[in-house]
Amino acid sequence: MPAVKGQLNCCRTYWGCRGLKEPPQPYNFGYDSVDEFGTQTYRKEQSDARNVKTGSYGYKDAYGVYRRVEYVA
2 MPAVKGQLNC CRTYWGCRGL KEPPQPYNFG YDSVDEFGTQ TYRKEQSDAR
52 NVKTGSYGYK DAYGVYRRVE YVA
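Each step along the sequence shown adds one to the number in the numbering used here, with nothing skipped, and position 49 is 50.
In structure tokens, the structure reads:
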């Protein structure tokens with residue numbers, strides 16, 4: 002058993018030494034597209050310095066049916 006314990010400690014040390022954890026980086030992105038049938042899809046998302054993500058996505062089909070989802074994560 003000592004050999005196994007030594008191997009586990011070695012792995013824990015190796016994987017645990019990845020350096021400092023970086024703080025969250027704010028970002029935003031989005032897209033808007035229309036396919037060959039006239040269906041429009043979109044997505045928008047942003048993240049702040051506290052790593053809170055907010056956004057929306059949805060579509061509007063060729064018949065004008067519109068769906069939208071908003072989220073916070």
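All C-beta atoms in this analysis are idealised placements derived from N, C-alpha and C, irrespective of residue type, glycine included.
Model, not experiment: these values are computed from the prediction.
- If you draw a straight line from the Cα of Tyr67 to the Cα of Ser34, it is about 14 angstroms long.
- If you look at Gln47, you'll find it in the beta strand (DSSP E) that goes Gln41 to Ser48.
- Per DSSP, reduced to three states, the secondary structure at Arg51 is coil, with no helix or strand assignment.
- In this structure, the straight-line span from the alpha carbon of Lys22 to that of Tyr60 is close to 37 angstroms.
- Less than 8 angstroms divides the Cβ of Thr40 from the Cβ of Ala63.
- CA-to-CA, the gap between Val70 and Ser57 works out to about 5 angstroms.
- Apart from sequence neighbours up to five positions away, the residues of its chain that approach Val53 with a beta-carbon distance below 8 angstroms are Val73 and Ala74, ordered along the chain.
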